[in-house]
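Asks: One structure, as structure tokens, below. Some questions next.
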Amino acid sequence: MSVPLVRVSLILASFCALSFAASASTDKGYREAFLEPILHEARVNLAARHAYVRSLAASESVPAREAGEGDVDDTDGEADRRDRDVIPD
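Numbered according to mature numbering (1 follows the signal peptide of the UniProt record, and there is no 0), the sequence shown spans residues -24 to -1, 1 to 65.
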């Protein structure tokens, strides 16, 4: 790929994104047809992730399996703190 091709592609993508944002914010029919289903799916996915993270936090009192069985070691709890910041209780 050439640099001019990438630049033109980025300009076209930016224009399309701007057009989508403007249409979604001003046209109720467009927003209901395209944006609302995407937002609903994102909310459902975030709620499922939140429930999963909370169940992991609740299971921390259970003794850990032996190392090497596919567990991820997060000893400082950074992932749990990030998850609480993203999705409020």
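Where a beta carbon is used, it is the ideal one built from N, C-alpha and C, also for glycine. Note that the structure is a prediction, hence the values are computed from the model and not measured.
Using C-beta distances below 6 Å, list every residue in its chain close to S(-2), excluding the 5 sequence neighbours before and after it, in chain order.
Replies: For the purposes of this step, residue -2 is identified with residue 23 of the sequence shown, where counting begins at 1. Y6, listed in sequence order.
Asks: Pull up the distance between the alpha-carbon of S(-16) and that of F(-5), whole angstroms please.
Replies: Within the sequence shown, numbered from 1, the residue matching residue -16 stands at position 9. Within the sequence shown, numbered from 1, the residue matching residue -5 stands at position 20. Separation of S(-16) and F(-5) (C-alpha to C-alpha, rounded to the nearest whole angstrom) is 16 Å.
Asks: Can you tell me whether DSSP reads S(-23) as helix, strand or coil?
Replies: Start at 1 with the first residue of the sequence shown, and residue -23 comes out as number 2. Coil, per DSSP.
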